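4 protein chains.
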Amino acid sequence: MNNHAPVPVGVLGASGYVGQELLRLLAGHPAVTVAFATAESAAGTELEGHRLVHVADAPMQRAEIVLSALPHGVSGRYVNEARAVGRRAVDLSADFRLSPEAIYGLTEFARPRVAAAELVANPGCYPTAALLALIPLAQRGLIDSSREVIIDAASGVTGAGRSPRPELLFGEVAEDYRAYSAGNTHRHLPELKASLAREGGYTGDLVFTPHLLPVKRGILETIHVPLTHPLDAGAAVELFVTAYDGEPCVQVLRDRLPSLQDVVYRNRVALGVVSVGEVSRPRVTVIAAIDNLVKGAAGQAIQNMNLMLGLPETAGLVC
Amino acid sequence: MNNHAPVPVGVLGASGYVGQELLRLLAGHPAVTVAFATAESAAGTELEGHRLVHVADAPMQRAEIVLSALPHGVSGRYVNEARAVGRRAVDLSADFRLSPEAIYGLTEFARPRVAAAELVANPGCYPTAALLALIPLAQRGLIDSSREVIIDAASGVTGAGRSPRPELLFGEVAEDYRAYSAGNTHRHLPELKASLAREGGYTGDLVFTPHLLPVKRGILETIHVPLTHPLDAGAAVELFVTAYDGEPCVQVLRDRLPSLQDVVYRNRVALGVVSVGEVSRPRVTVIAAIDNLVKGAAGQAIQNMNLMLGLPETAGLVC
Amino acid sequence: MNNHAPVPVGVLGASGYVGQELLRLLAGHPAVTVAFATAESAAGTELEGHRLVHVADAPMQRAEIVLSALPHGVSGRYVNEARAVGRRAVDLSADFRLSPEAIYGLTEFARPRVAAAELVANPGCYPTAALLALIPLAQRGLIDSSREVIIDAASGVTGAGRSPRPELLFGEVAEDYRAYSAGNTHRHLPELKASLAREGGYTGDLVFTPHLLPVKRGILETIHVPLTHPLDAGAAVELFVTAYDGEPCVQVLRDRLPSLQDVVYRNRVALGVVSVGEVSRPRVTVIAAIDNLVKGAAGQAIQNMNLMLGLPETAGLVC
Amino acid sequence: MNNHAPVPVGVLGASGYVGQELLRLLAGHPAVTVAFATAESAAGTELEGHRLVHVADAPMQRAEIVLSALPHGVSGRYVNEARAVGRRAVDLSADFRLSPEAIYGLTEFARPRVAAAELVANPGCYPTAALLALIPLAQRGLIDSSREVIIDAASGVTGAGRSPRPELLFGEVAEDYRAYSAGNTHRHLPELKASLAREGGYTGDLVFTPHLLPVKRGILETIHVPLTHPLDAGAAVELFVTAYDGEPCVQVLRDRLPSLQDVVYRNRVALGVVSVGEVSRPRVTVIAAIDNLVKGAAGQAIQNMNLMLGLPETAGLVC
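Residue numbers (this note's numbering), protein chains in the order written: chain A, -10 to 308; chain B, -10 to 308; chain C, -10 to 308; chain D, -10 to 308.
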């Protein structure tokens, strides 16, 4: 890889939290170079040494691959422009996640498809953590669909983007904690259900409730899984250890549960599992943690990009 | 009440977070005075204008009522000393919560018993929020015991006390979030189950998972309740509004969900409820928020003390 | 005071952080009642049990006294409307702080004037802390004007108001710390200099540099004072103890320095002073802490209101 | 460098915040490998894939260079053991900072000496920021020694280490801010004065007051410098731009002041400067920001190690 010229990469939407993280990670990537980076209100200023241009002026041809962190509803249009001039793309927005045009880029379960893809839809942050926790159980038919899977997820504020909304002010968020989009109304739910059905075959009920944490980055999901038959703590851990054997970006903890500290600034999901006592039917609780900006967005996008370019999967990433 | 001499109150264990909150609230109470306050390593120093004495030197006779914020396992002994010299007591530790000697002081469901009690066991912080959320549903037979009630609770660090444990350092807790005592291993579970059976008649399964939040104070519980029959959002809210009609320290929100901001520094539980969509069987999610140091400890203790002394129930409290 | 009807008070600008704090404090005040409270975008909603009205619809006549937490530049106009119908007022904005029409309400140094005033200009948060620290030294001629007084002040974000500015987002402020308005460009500087000259007779140079802290409330000022002659640590403390003897809202610490914890949610300035070693000319460092929303705004306004109404000075306040 | 075997490095004291940061940075370093890492209470556990051993069992010979993050007073002994078996060392403690045996490793002002050194004393975090801000002004004779240089420094809690002291609990530090070691009593003062005299020739008075910030990492210093003659804002900025021309790890900001966000997780000092108005004699305020764990400790140690090993100075570092 040291003998090749660096691959030129274009970044759309570089001034939001995800876009900034893309530039930060690409700056340390040994085999690529940033061909251009776009922003709207910040156009003309510099970020990580790159002069930002309007997306309408993006020189798509100069990039071999385009990563888009544009907002949902906007991203699709510019990703299509890149593709129209023959460029491959990873779209970090939700615009293609339910579309057959794109490969859904949950890396660990889609390697060959991602490697060959022209267009990868990078998974949402909440679904990434939930899917990596649930697919191994679902694939083995262990989830009892007569009782609901309950997911309580908590995210740091960078997950909500960088627009100045009053409820995201420090004076409101600090020392606070709240649920939002309760009652299964969050826009990530269809993505989560579709992917869990496709990869794990589970089509039962889910209850997904996100919460806003007073931290900058990180997602922790507490996932309550009713089981078809008992699984003691040791067996549950071994199931995940086996399922993710050799995976560079999945950390299965044996003797404690993960917290945000295990994952921030890393392209890693950390998983822990306990068997639930004092109940009459079998169940486990799985804890999954990721950095919403890394494995939940920019990092997984680069992991996918690496596969598409034939580079080592974790080049430029700390797992 | 203005014509009477203030009632002398003794405070055991005044230097922890709960004890400090007791002194802070009693300082603003119009009808009582602090007769003495105890601490061990801080003995001899002043707090809120009171010289702290060792608990072994507490002049129990000088108080008409004793509030104990001593640690679990220690509190019972000194509460018994106070009772041995004829003093009534509110014990904020867990020492009497499962004992027939004491009245369990969940104020809203125990007023006459508390008023007449010699000894009140003040409820734990997690159970207070969960019980106030679940009892109205349980009393009406609405909880489907063939599916588990799932409680994900998140607490600020003052709930863990003031001992210098490494995992409670700012450098560890800030920007972090974690589950602990997962798998139904938390010591509050038996208290919660016993009280829910006694007050609400619910004896089905519960899964209780506490989490540590990077905030100083406040508890938010996300409580997933399977229902025996459907309840739309409006009906669910009205059920709680009716159940708590006239209650000064219960706030039922009609059009949004509560967060810690609604309750910190107040002796209040805030409740919100939503009906869950996209599932095949009926369920609601209830959100309950309290300040762990106020309605979850010192405030509820004073609410109970007021009843025992025949004072207005909310004297000295902001609900 | 218990024999009188409560005094009706009007609150202008109730939905900002200072206005909310006014309503919170007035809710616990034993001798006043809120006649009306205004807000613009939040008009029609309820706050602390009061239906908010547009300021243009404020029934000024119904109040005996009006407290204005409207923005600078807007407040003056409505305060003048209140005065035009014969109402006394405390203006918490900067609009009258340099005006001879108003009494500058630094309570501890203006009691008789405040008590008799028709219009009180409530001091700014930064000047309140700095003045209470510097006036005792200035009055005694101890400040060496051949060297500058250097004030580094740090404030929680509620000092910057509740408008959704991008730089006040949690994602920007958390884990950050910054100076702003450096180089003596902050708008509080003229107020501070004028007041220090008037009350203390000091007309030498000052350098004032504010900083933004990742906390919700509280101001701490580190004030470096060159002295005309040496003052050892004990003498410096005694000077402040003597200067503020009997003051209910000034706490002079003898054996440690104050921090925000000493003052938040209290109408108090906490002061500490040390003699500086390892230098060739005498100087002290004074640390002053206040809650920017209480002694720095709403609390001091109520302290002044109490004086104007002949009520006990600390009624409704925790000092 | 790609043709050489990685250089084996030993890390002493790997379980504290600085030691963890060393391991994190070394994990991403392209030209070195960790030969061993030591810890005491955590001995036997794994960190970043390394099994921790007791320092008494450290196989010093296996390393070509030893980095010590042991505590002050302990580090010197083990660094001497490493040197006794012929190993070069970078000591991150204070043990050799005032000793003629060691080269003081403020990299930007000591490159040739560091490159040739057997033993480098890595500068303290507070002095690193202050010296990089002051040396350019001192070297040009611009500091007016008839008035004191005043430094107010604020540090995140990782600067205080990882021992469980009560005052470092989250419940105490969050929402708080305090000065400590005021009055020129901080142990970093002699190091700062000695280095400023040696590198800049300034021997006048300094007042240094550290503060504890409620953030995990980062130091910001507000440095008030009296000048011998006026320097307008543009000239002041140009002075620093010129002084640090070509320096990879010094960022001079032209149009704003730095904050912690500019430097966390980077081996960089960010500098800003303003001319002070509204005063009668010339002065500037310089703001210097570093990450206390990176440029203030582990990062600068690796920068020095790279020089000692003839590697590119910023290998393994993000500046």
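Each residue gets a CB set at the ideal place from its N, CA and C atoms; glycine is no exception.
Here the structure is a predicted model, which is why all the values come from computation and not from measurement.
The three-state secondary structure of C/Ala24, taken from DSSP, is strand. Using a 10 angstroms sphere on the CB of C/His18, the tally of other CB atoms reaches 16 or more, which defines it as buried. In the structure shown, B/Tyr93 falls within a strand segment according to DSSP collapsed to helix, strand and coil.
For B/Ser184, no beta strand (DSSP E) run applies; the uninterrupted alpha helix (DSSP H) run containing it begins and ends at Leu178 to Gly189, by DSSP. Here A/Arg66 carries a helix assignment [DSSP, helix/strand/coil]. For A/Ala142, the enclosing beta strand (DSSP E) covers residues Val138 to Ser144. Contact check between the stretch 196 to 212 of chain B and the stretch 268 to 282 of chain A: three or more CB pairs, one atom from each, fall below 8 Å, which counts as touching. For C/Tyr166, not one C-beta of chain A is nearer than 8 Å to its own C-beta. Against chain B, the CB of D/Phe159 has a partner CB under 8 Å away; the residue lies at that interface. The beta carbon of C/Val241 sits no closer than 8 Å to any beta carbon of chain B. Between the C-alpha atoms of B/Asn281 and D/Phe159 there is a straight-line separation of about 16 Å. Straight through space, the alpha carbons of D/Tyr6 and C/Tyr233 are spaced by roughly 43 Å. Among the CB atoms of chain B, one or more fall inside 8 Å of the CB of D/Thr147. With its beta carbon at least 8 Å from every one in chain D, C/Ser57 lies outside the interface. Taking 8 Å as the threshold, the shortest C-beta distance from A/Tyr115 to chain D does not fall below it. Beta-bridge pairing by DSSP links B/Ile124 to no other residue. Against B/Gly261, chain C offers no close residue; the least beta-carbon distance is about 16 Å (beta-carbon pairs closer than 7 Å). Secondary structure of A/Pro199 (DSSP, three-state): strand. Rounded to the nearest angstrom, the gap between the Cα atoms of C/Arg86 and C/Leu59 is 14 Å.
The beta carbon of D/Asn293 lies closer than 7 Å to those of Val79, Gly94, Thr96, Val103, Val109 and Asn111 in the same chain, with the five residues before and after it left out. DSSP places A/Gly261 in the strand class (E or B) of the three-state scheme. DSSP places A/Thr274 in the strand class (E or B) of the three-state scheme.
For a Cβ distance threshold of 7 Å, nothing in chain B lies close to D/Pro60: the least Cβ distance comes to about 16 Å. Between B/Tyr191 and A/Leu209, the CB-CB gap reaches or exceeds 8 Å. The beta-bridge partner set that DSSP reports for D/His213 consists of D/Ile139 and D/Thr274.
The beta-carbon separation of D/Ser4 and D/Leu41, rounded to 7 Å, stays under the 8 Å limit for a contact. Unbroken alpha helix (DSSP H) runs of no fewer than 4 residues, entirely contained in the stretch 37 to 86 of chain C, are found at 64 to 73, following chain order. Residue pairing from DSSP leaves A/Leu298 without any beta-bridge partner.
Of the candidates D/Val0, D/Glu29 and D/Ser184, D/Val0 places its Cα closest to the Cα of D/Leu56.
Annotation: the continuous alpha helix (DSSP H) that includes A/Leu11 extends over Tyr6 to Ala16.
If you ignore the 5 residues before and after B/Ala26, its C-beta comes within less than 7 Å of the C-beta of Val0, Ala3, Leu12, Leu36, His39 and Leu41, all in its own chain and listed in chain order.
Chain-ordered, the chain B residues with CB closer than 9 Å to the CB of C/Val307 read Arg13, Ala16 and Gly17. With fewer than 16 other CB atoms across the displayed protein chains lying within 10 angstroms of its CB, A/Pro89 is exposed. For the pair D/Ala32 and D/Asp221, the Cα-to-Cα distance works out to about 55 Å. D/Leu157 has its alpha-carbon roughly 26 Å from the corresponding atom of D/Val258. For A/Phe98, the CB contacts under 6 Å within the same chain, skipping 5 residues up- and downstream, are Glu188 in chain order.
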